[in-house]
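J.: Numbering (the numbering used here), first residue to last: 70 to 379.
The beta carbon of each residue, even a glycine, is placed where N, CA and C say it ideally should be.
This structure is a prediction, so every number in the text was calculated from the model and none was measured.
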Amino acid sequence: MGSPEHVAALDLGSNSFHLVVARVGEGRPHIVDRMREQVGLAAGLDADNRLDDATFSKAIDVLTRFGERVRHLPQGAVRAVGTNSLRRARNSAPFLAEASRVLGHRVEIVSGQEEARLVYLGVARHVPELPARRLVVDLGGGSTELILGEGLAPIERDSVQMGHLRWTIRYFAQGLITEKGFAAGGTHARLELGELKRRYQALGWDVAYGSSGTVRTIEEVLLGSGWSTRGITREGLARLERTLVSAGSLAAVLALELPGISPDRVDGLAGGACILAAVFDTLKIEEMTASQGALREGLLYDLLGRIHHE
């Protein structure tokens, strides 16, 4: 296949599905359209890790609408990937078959390692090209990816089984936010991070970036509320935790009208803040900047690399 005029990437995340469409110019993608719909795959997994019928149907409906946008693109110009929740789902095979049919393009499930690589590529393409080692933390709905890298090359990459939606369901059930929930969720997160702590600290990094909508929302809250003047900090996360616990529930948090908080972002806020605070504490991070690049942008660059045999 020659270089297409347009390419597209689809991220079937544990919380939301994201589609980006880009025009190809001078070998680079220039995004012309974005679509996002909240699906909640992680919440739709039952005790046997099967997607329930309602979530299955909702996801297919969303992909049908996305298909109207990309079905006309040539085969090979679209890459669609599922992440943590579809890796866990025992009925992922029939879902992938139906998803591929309605989208008009193949949908695949990527491993945690591949997801981490793509996340790093998306972030690295959107941050300053400095001779520095980067730590990238992608806080998803079902898993958290951590990557150390230089330039466009990852050095270490890990996918950890904790995500903001899973933590919200487990530790902030019925939308109730308590100190006990933060304490239990934080302890669990630090245990999950224990195996990579020494390895990452031994290699070290110069600058830390966070990706995903939840990380960007947290940064917007901290900056907009005056709790930080330089992105995400330990002090800012502590202030956010106190505010969430004081509010007591997700509904009350919405009523506070904090900067950047909307109904479709509040569900993962407590779980996300809990996990991110544990990451800061475990890896001794002092400051983190939210990146606009993420998995879907990495997918675009990776897709163009494949097309151009790079």
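What residues in its chain sit with their C-beta under 6 Å from that of residue 297, if we drop five residues either side in the sequence?
T.: So the list reads 291, 305, once near-sequence residues are dropped.
J.: Can you give me the Cβ contacts of residue 241 inside the same chain, cut-off strictly under 7 Å, excluding the 5 residues immediately before and after it?
T.: Within the same chain, residue 241 has close Cβ partners 250, 339, 340.
J.: What residue range does the beta strand (DSSP E) around residue 380 cover?
T.: The question about residue 380 has no answer here: the residues shown for the chain are numbered 70 through 379.
J.: What are the start and end residues of each continuous alpha helix (DSSP H) run of 4 or more residues lying completely inside the region 144 to 216, in chain order?
T.: Correct list: 153 to 157, 161 to 172, 181 to 193.
J.: Can you name the start and end residues of the beta strand (DSSP E) that residue 225 belongs to?
T.: Residues 222 to 229.
J.: Which residue or residues does DSSP assign as beta-bridge partners of residue 100?
T.: Paired residues: 91.
J.: Quick check on the burial criterion: 16 or more other C-beta atoms within 10 angstroms. Buried or exposed for residue 353?
T.: Burial call: exposed.
J.: State the CB to CB distance for the pair residue 342 and residue 313, rounded to an integer number of angstroms; the pair is presumed to be in contact (CB under 8 Å).
T.: Going by Cβ atoms, the distance from residue 342 to residue 313 rounds to 7 Å, so yes, they are a contact pair.
J.: Assuming residue 174 contacts residue 366 (C-beta within less than 8 Å), just tell me the rounded distance between them.
T.: No, residue 174 and residue 366 are not in contact; Cβ-Cβ is about 18 Å, not under 8 Å.
J.: Could you name the residues that DSSP lists as bridge partners for residue 279?
T.: Its beta-bridge partners are 206, 359.
J.: Going by beta carbon distance, what residues of the same chain come within less than 8 Å of residue 278, once the five residues before and after it are set aside?
T.: Excluding residues within five positions, the ones whose Cβ falls inside 8 Å are 192, 196, 203, 204, 205, 206, 357, 358, 359, 360.
J.: Could you spell out where the alpha helix (DSSP H) holding residue 128 opens and where it closes?
T.: Start and end: 122 to 139.
J.: Give the straight-line distance between the Cα atoms of residue 158 and residue 110, rounded to the nearest whole angstrom.
T.: The alpha-carbon atoms of residue 158 and residue 110 are separated by roughly 9 Å.
J.: Please confirm if residue 145 has its CB atom under 8 Å from at least one CB of chain C.
T.: Structure shown: chain C not included; a single protein chain is present.
J.: Under 8 Å: do the region 180 to 192 and the region 343 to 351 share three or more Cβ pairs, one atom per stretch?
T.: Not touching, per the Cβ criterion.
J.: Excluding the 5 residues flanking residue 88 on each side, which residues of the same chain have their C-beta closer than 6 Å to its C-beta?
T.: Within the same chain, residue 88 has close Cβ partners 79, 104, 135.
J.: Figure out for me which residue from 316, 267, 355 has the closest Cα to the Cα of residue 301.
T.: Of 316, 267, 355, the residue nearest in Cα terms is 355.
J.: For residue 307 and residue 100, what's the separation of their Cα atoms in angstroms?
T.: Roughly 36 Å separates the two Cα atoms.
J.: Whole angstroms are fine: how far does the CA of residue 287 sit from the CA of residue 229?
T.: Rounded to the nearest angstrom, the two C-alpha atoms are 20 Å apart.
J.: Would you report the Cα separation of residue 334 and residue 283, rounded to the nearest angstrom?
T.: C-alpha separation (whole angstroms): 7 Å.
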